[in-house]
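Peer 1: The structure that follows is given in the form of structure tokens.
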Amino acid sequence: MLDLKWVVANLDEARRRLATRGGGAAEALAPIEALAAERRQLIQASETQRAEQRKASEQMRALKGEEQARLRARLKTLSDEVKEKETRLKDVEEQIDRALLNVPNLPHETVPVGTSERDNQVMRAWGDKPAIDSPREHTEIGENLGLLDFERAAKVSGTRFVFYRGALARLELAVVHFFLDSARERGYLELLPPYLVNADSMRGTGQLPKFEEDLFKTTAGYYLIPTAEVPVTNYHRDEILEGARLPLKYTAFSPCFRSEAGSYGKDTKGIIRQHQFHKVELVRFERPESAHAALEELVRDAQAPLQRLGLHHRVVALCTADLGFASEKTYDLEVWLPGQNAYREISSCSTFGDFQARRAQIRFRPSQGDKPRLVATLNGSGLAVGRTVVAILENGQQRDGSVLLPAAIRPYMGGLERLMPAADR
RNA sequence: GGAGGAGUGGCCGAGAGGCUGAAGGCGGCGGUCUUGAAAACCGCUGGUCCGCAAGGGCUCGCAGGUUCGAAUCCUGCCUCCUCCGCCA
567 MLDLKWVVAN
577 LDEARRRLAT
587 RGGGAAEALA
597 PIEALAAERR
607 QLIQASETQR
617 AEQRKASEQM
627 RALKGEEQAR
637 LRARLKTLSD
647 EVKEKETRLK
657 DVEEQIDRAL
667 LNVPNLPHET
677 VPVGTSERDN
687 QVMRAWGDKP
697 AIDSPREHTE
707 IGENLGLLDF
717 ERAAKVSGTR
727 FVFYRGALAR
737 LELAVVHFFL
747 DSARERGYLE
757 LLPPYLVNAD
767 SMRGTGQLPK
777 FEEDLFKTTA
787 GYYLIPTAEV
797 PVTNYHRDEI
807 LEGARLPLKY
817 TAFSPCFRSE
827 AGSYGKDTKG
837 IIRQHQFHKV
847 ELVRFERPES
857 AHAALEELVR
867 DAQAPLQRLG
877 LHHRVVALCT
887 ADLGFASEKT
897 YDLEVWLPGQ
907 NAYREISSCS
917 TFGDFQARRA
927 QIRFRPSQGD
937 KPRLVATLNG
947 SGLAVGRTVV
957 AILENGQQRD
967 GSVLLPAAIR
977 PYMGGLERLM
987 PAADR
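Numbering-wise, our numbering comes out as the position in the first sequence, counting from 1, plus 566.
Below you can see the structure in the form of structure tokens.
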């Protein structure tokens, strides 16, 4: 959420910067100016009366009989007026909130301006494409080895679900542990979070109110997390952190649940886009002035395991049009998938500035005696597990149909070097 | 799921319609004293909103309500504890 005061004082700049996102991002700002003025006027009027009322109320104790009755009658009127103004004030503030909660974050000045993902900028690449003759896609590789079963998953659950079998099931969790080890080495504290959260948490990180249709909701009113970013960022909701403790760096493994509403026909094959997948997330709470340096470090932290797996990838700066709702600046990591002959997103690293912190009221005290300030929140995938498995399958595929595993993952697989056909029973 | 009990400032804990943003203690910060430290003593010590400021409003789990006036009374919700049941 943007700062109301700032927006009112800088309406033109806000409009201009939001416009670079496209899609009418600046629209929701329209009623803000008038509402803010009305809000201030109502606060001033009601508080003046309330002060008067309180002062006069003090005298009630000393008065008796007729005199007291007379004052009581006058105060009753005053009290009713105050209540009426406060009711209107509440309504106005709700309108302001409703408007502001639907306004996306301002793109940072360093974000390339663009109109679609084609305007994203490749910053750098790591490694080289492997030489593979007529590479096959992971689906074919996995199914041929008997390690992926989409048909039964469709029967048991539906589309966009999958069963892993045998060594591939083991590989998924091996990758999880490998990522967590990498994050721990880089100073991130591991959390194992809840996978169901309340609406306040979803609002805190920005999924609600605008993107409810992307989420799964339980009959009990909980939401399934679309990423561990939600529980981990909200871990410090409504807290004032000690400045000396910053930055706080957390890593968390979790399954992620996404309805993928509106992505019909997109990536329908394979495990690229599933309703449920695994991810290891990196989350940081930073002083605002460190946020952008921290983002660069976060990207390197996310790249590290990819490099140890020897997977060719590139770092892409998202342009204004491709930026997520809450993000101020985002770098995607795109891994090379020979079977698809394409780079695919395997991590997304963002800084949100104080956008999430304002919603979730996450603050820090710079040093003792100072007023609290909003922190900057950041997060990045470190990394998407399913897509990493896809990359391992497609980059490690051999002519005989087997898959050579990267050396770095073998210790997590009991020394297994190669994925071979699964025994059927 | 059933039956009870409880939620007050960083922490402990008083308060039971007005004088309570809230006693007292602990902790923290500053000072006196000391060669230094401890002890002792003195002072300060939540957040937020409106305002240039002076000042004022709100805030005792959350949301409503009663009242001229609510931490104190009423209603709903949330969380925690105890006992019973069920359960990975």
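Quick reminder that beta carbons are idealized off the backbone N, C-alpha and C, glycines included.
Distance, Cα to Cα, V851 vs A942?
Peer 2: The sequence shown places Phe at residue 851, not Val. About 6 Å.
Peer 1: Can you pull the DSSP bridge partners for D898?
Peer 2: V882, S914.
Peer 1: For the structure I just gave you, are there three or more beta carbon pairs, one from the segment 912 to 931 and one from the segment 796 to 805, closer than 8 Å?
Peer 2: Contact between the segment 912 to 931 and the segment 796 to 805 is present, because at least three Cβ pairs lie under 8 Å.
Peer 1: Assuming S893 contacts F918 under a Cβ cut-off of 8 Å, what Cβ separation, rounded to an integer in Å, is found between them?
Peer 2: That belief holds up - the Cβ atoms of S893 and F918 are roughly 6 Å apart, short of 8 Å.
Peer 1: Starting from N945, trace the beta strand (DSSP E) in both directions and tell me its first and last residue.
Peer 2: 942 to 950 is the span of the beta strand (DSSP E), which, as asked, contains N945.
Peer 1: Mind reading off the beta-carbon distance from E734 to L758? Whole number of angstroms is fine, and I expect it under 8 Å.
Peer 2: The amino acid occupying residue 734 in the given sequence is Leu; Glu does not appear at that position. The Cβ separation is near 23 Å, so there is no contact.
Peer 1: Is F745 helix, strand or coil when you go by DSSP?
Peer 2: In the structure shown, F745 sits in a helix (DSSP, three-state: H, G or I).
Peer 1: To the nearest angstrom, report how far apart P854 and G724 are at their CA atoms.
Peer 2: Answer to the nearest angstrom: the Cα atoms are 44 Å apart.
Peer 1: Taking A818 and E847 to be in contact with their CB atoms under 8 Å, please state how far apart those CB atoms are, rounded to whole angstroms.
Peer 2: Yes, A818 and E847 are in contact; Cβ-Cβ is about 5 Å, under 8 Å.
Peer 1: Is the distance from the Cβ of T954 to the Cβ of V741 below 8 Å?
Peer 2: The answer is yes: Cβ separation under 8 Å.
Peer 1: DSSP three-state label for R991, please.
Peer 2: Because R991 sits at a pLDDT of 45, beneath the cut-off of 50, its placement in the model cannot be relied upon, and the point is left open.
Peer 1: What does the Cβ neighbour count give for T896, buried or exposed, with the cut at 16 atoms within 10 Å?
Peer 2: Classification of T896: buried, given that the 10 Å Cβ count is 16 or more.
Peer 1: Tell me the DSSP secondary structure of T817 in three-state form.
Peer 2: Here T817 sits in strand by DSSP.
Peer 1: Just confirm the distance between the C-beta atoms of H844 and P871, as a whole number of angstroms; I'd bet it's less than 8 Å.
Peer 2: 14 Å between Cβ atoms; not a contact.
Peer 1: Tell me which residue opens and which closes the alpha helix (DSSP H) that M626 is part of.
Peer 2: Unbroken alpha helix (DSSP H) run through M626: 598 to 626.
Peer 1: Which same chain residues, not among the five before or five after R736, have their C-beta less than 7 Å away from its C-beta?
Peer 2: Correct list, in chain order: M979.
Peer 1: Mind checking K835: buried by the 16 CB within 10 Å criterion, or exposed?
Peer 2: Under this definition K835 is an exposed residue.
Peer 1: Which residue marks the beginning of the beta strand (DSSP E) containing I662, and which one marks its end?
Peer 2: Premise fails: I662 lies in the alpha helix (DSSP H), 631 to 667, not in any beta strand (DSSP E).
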